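Protein chains in written order, with my numbering: chain P, 8 to 369; chain H, -9 to 317.
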């Protein structure tokens, strides 16, 4: 693999440069991940591919939270794994401070991963039940000893527990001695241990009870300010994503359907899928029951192994026309809104993009 | 009244002690009415439903006290054999996880048809025809072709429809749905909830909807019972409770969910954790987490105070319900 730029010194030098607030810290370009489908036992023959992520591009700016929403199977978790290089991308680039991390390996990759950390969905299975909290968080320092010298680790772990609102005396306890919300705090402490710049959160609160969810969300917002973190926040709960995100991307079948600021997406959606998704969210207000514009989609999400031609949403879309089956819409500001001073003028991958308010009852 | 639960208590004997899961629950459902039971994990909402259905594991479970009146008859005094005739034919349950509630090695047609063979003594052929009709009724496309397929060949939303079909098979008068849409995606969730509401109207069934989602409740329920540590802390018609909650726990829950239609400030978070059922705090179980708690809350268990009597009664188990309602 000669073409991998693994010149350690060059990577290290590049990573030391701080990124200013408002500058892109992560640039994703045409990212793709295809999982091969094989047939046969001894002589495996590739018969197709599940296109889990099929050409996703976006920027993450320093200090912001980018929310990614979508239904199960849309590829949002695969995107998270690709950004960490836990899965090798089939094609496309992920630039972190100018370094394409999809091409890195070995020590250069390890150096990058120190700065990009992850918080997982399930606090019950993502913590080793046989390790104490101190060992779980402290293990990160075994891999990156430069962050905390050996004698200092215990103090450092206790400091982290304190930061996430857990009693530092709990350092010798095991995961089963904590509640779900507390376990998620341990997961967050582990994510923070190496002073990363970016944290990728994959459904961090969806396993938690409502009253505990708010505690964890507030903690994450506080930590973002305190440590100047950038978040990629992946979730299926649209209300929570709106609350925490500065910008939101909506995914459908491995592609971004629409991306924009929280107000652009929630108050001025132009892609039919976004509109259907938002209108389906039950709102905790019985008054809205009769007055809201509800779009009930028919059918299920098609298989990513055999996505529809043209626009992927066309099989469930009420606006679909001939053009939608032949021509793939690109993610760009729709022509009719271009240059206009309206919040509808944001990137949307639909031939017939049109504003429709579905979250406010009229 | 179709179903009336009176002063129901359920406890579980465990190695660590007695876990008091349900501590004096009262609720009722009429034909055609939807009661939402809202609560977090461990609040006792599912255990109450299991006691009503008679599918509680006993032991370790035990019902030391209470009555479950179904059409005037106390189910707790019935023999298991008689109980079995009620279950399925008169009341049915829909579970959260359709994939693990269906038998993976039997086709959906066999599973649906089994109801008719066991309860109505139909032949296999007639039962299959009934299964197809049921699948049609819950709008599964190409029912005739799909009746021989196995659960894994259906999507999540379609599997939940099969669960609904199974519950409807014998045209019960009461349906208990325990988190029926929690495992589904939002667009599919909307389809399934719509179907359930429509079928309820068509058959004029009573529906008990168990959920933790305040949005789903607002969408479909007529009245709501909020549970905390095995008790109903507030019971109310659905419109009133969202406008002005009369219990600090309900208020906390409503304030802690972010909104879809506007970007809010910092979320309100209820401090602390739900109580351990082996050691429920004395007085009001919510007192260690309550911003309004006073000395009396730590010693006296609050009774259910009537908030409004008519047209629909509304109750709150808070010593300071007036302050909560108006502030």
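The beta carbon of each residue, even a glycine, is placed where N, CA and C say it ideally should be. In this text the structure is predicted, and so the values were computed from the model without any measurement.
If you look at residue 56 (chain P), you'll find it in the beta strand (DSSP E) that goes 52 to 68.
By the C-beta density criterion, residue 240 (chain P) is buried, having at least 16 other C-beta atoms within 10 angstroms. Around residue 232 (chain H), the beta-carbon contacts reaching into chain P at under 7 Å are 291, 292, 293. In its chain, beyond the 5 residues on either side, 235, 314 have a beta carbon closer than 7 Å to the beta carbon of residue 241 (chain H). Leaving aside the five residues that flank residue 62 (chain P) on each side, the residues in its chain whose CB is nearer than 8 Å to its CB run, in chain order, 37, 38, 39, 99, 261, 262. A contact between stretches requires three or more CB pairs, one per stretch, nearer than 8 Å, and the region 219 to 233 of chain P meets this requirement with the region 252 to 270 of chain H. With the rule of 3 Cβ pairs closer than 8 Å, the region 134 to 143 of chain H does not count as touching the region 160 to 179 of chain H.
At least one beta carbon of chain H lies nearer than 9 Å to the beta carbon of residue 222 (chain P). Taking 9 Å as the cut-off, the Cβ atoms of residue 206 (chain P) and residue 123 (chain P) count as close. Check the Cα spacing between residue 29 (chain P) and each of P:268, P:71, P:35, P:170: the tightest is with P:71. According to the DSSP assignment, residue 135 (chain P) belongs to no beta strand (DSSP E), since it is labelled neither H nor E. Residue environment for residue 277 (chain H): buried (at least 16 other C-beta atoms within 10 angstroms of its C-beta). One thing to note: residue 300 (chain P) has its Cβ no nearer than 9 Å to the Cβ of residue 216 (chain P). In the DSSP assignment, residue 72 (chain P) forms a beta bridge with P:238. About 6 Å separates the beta carbon of residue 193 (chain H) from that of residue 161 (chain H), a gap short enough to meet the 8 Å contact definition.
Scanning H:-6, H:9, H:3, H:4 for the CA closest to the CA of residue 267 (chain H) turns up H:9. Residue 104 (chain P) has its alpha-carbon roughly 29 Å from the corresponding atom of residue 193 (chain P). Under the DSSP assignment, residue 16 (chain H) falls in the beta strand (DSSP E) whose first and last residues are 7 to 19. Residue-level contact check: residue 151 (chain P) does not touch chain H, since none of the beta carbons of chain H fall below 9 Å from its beta carbon. Within a 10 Å sphere around the beta-carbon of residue 168 (chain P) sit 16 or more other beta-carbons, which makes this residue buried. Taking CB atoms only, residue 273 (chain P) has a neighbour in chain H less than 9 Å away. Pairwise C-beta distances place the region 245 to 260 of chain P out of contact with the region 149 to 158 of chain H, as fewer than three of them are shorter than 8 Å.
Our two residues, residue 54 (chain H) and residue 0 (chain H), have alpha carbons roughly 7 Å apart in a direct line. Listed in chain order, the positions of the region 183 to 217 of chain P with a beta carbon within less than 9 Å of a beta carbon of chain H are 186, 187, 188, 189, 216, 217. In this structure, residue -2 (chain H) lies away from residue 45 (chain H), with their beta-carbon atoms at least 9 Å apart.
In the structure shown, the three-state DSSP call for residue 116 (chain H) is helix. Judged by DSSP secondary structure, residue 249 (chain H) falls outside any beta strand (DSSP E); it is assigned neither H nor E. In the DSSP assignment, residue 150 (chain P) falls within the alpha helix (DSSP H) that extends over 140 to 150.
Distance from the Cα of residue 265 (chain H) is smallest, within the candidate group H:4, H:287, H:11, H:5, for H:11. Here the alpha carbons of residue 289 (chain H) and residue -5 (chain H) stand approximately 27 Å from one another. Judged by beta-carbon spacing, residue 180 (chain H) lies beyond the 9 Å limit of residue 291 (chain P), meaning their Cβ atoms are not closer than that value. Its Cα nearest to that of residue 247 (chain P), the residue P:76 stands out among P:24, P:49, P:76. Here the C-alpha atom of residue 230 (chain H) lies approximately 27 Å from the C-alpha atom of residue 274 (chain P). With the criterion set as a beta carbon lying under 8 Å from some beta carbon of chain H, the members of the region 222 to 249 of chain P are 222, 224, 225, 228, 243, 245, 246, 247, 249, in sequence order. The closest CA to that of residue 287 (chain H), considering only H:308, H:297, H:269, is found on H:308. When only Cα atoms are considered, residue 67 (chain P) and residue 26 (chain P) end up about 12 Å apart.
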